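Enquirer: Before I ask anything, let me first share the structure, which is written out below as structure tokens.
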């Protein structure tokens with residue numbers, strides 16, 4: 081292989097690697113409450129999230145990011161495609177609608193369409209292995225675990241992630 085071909089291959093590899101790294105950094109920087117809460121329309125959601133156990137208001141100190149819950153976690157490609165779509169939709173709403181008119185309680189009634197079980201199960205993977213040995217977890221989630229219901233996690237856990245959201249509007 082000539083030096084010129086090797087130089088081109090090295091340059092293409094370096095550009096691809098750099099692009100992959102920059103994409104990863106951009107995804108990470110736009111996944112948390114600091115970024116998501118920077119839009120006026122999301123400030124109430126950000127404040128309520130910070131008061132919730134999933135927003136690090138817990139004894140363990142850990143928490144989920146906005147995209148851990150609001151984007152699918154079962155595939156990196158699906159995550160990225162949904163992130164671009166959600167970002168474009170949110171930017172459109174922020175720039176072209178009166179975001180003061182958002183009815184957060186009404187939006188919560190449709191939570192199944194913007195909170196993903198794959199995000200819940202990413203952190204709560206112990207539920208997938210729940211058996212009668214872990215009676216409390218198993219009994220409460222049995223119909224879900226056995227595929228006997230169409231309910232998703234937020235069907236029952238209706239205010240998870242945003243404690244007292246209505247009081248922050």
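In this note's numbering, the protein residues as written are 81 to 249. Every residue gets a Cβ at the ideal spot worked out from N, C-alpha and C, and that includes glycine. Note that the structure is a prediction, hence the values are computed from the model and not measured.
1. Alpha carbon to alpha carbon, how far is residue 124 from residue 182?
2. Taking all protein chains shown into account, do 16 or more other C-beta atoms lie within 10 angstroms of the C-beta of residue 128, making it buried, or fewer, making it exposed?
3. Rounding to the nearest angstrom, what Cα-Cα distance links residue 126 and residue 97 in this structure?
4. Less than 6 Å between C-beta atoms, sequence neighbours within five positions excluded: which residues of the same chain meet that for residue 116?
5. In the DSSP assignment, find the alpha helix (DSSP H) that holds residue 223 and state where it starts and stops.
6. Terminal residues of the continuous alpha helix (DSSP H) containing residue 83?
Expert: Reading from the atomic positions:
1. 11 Å
2. buried
3. 33 Å
4. 122, 146
5. 215–225
6. 83–109
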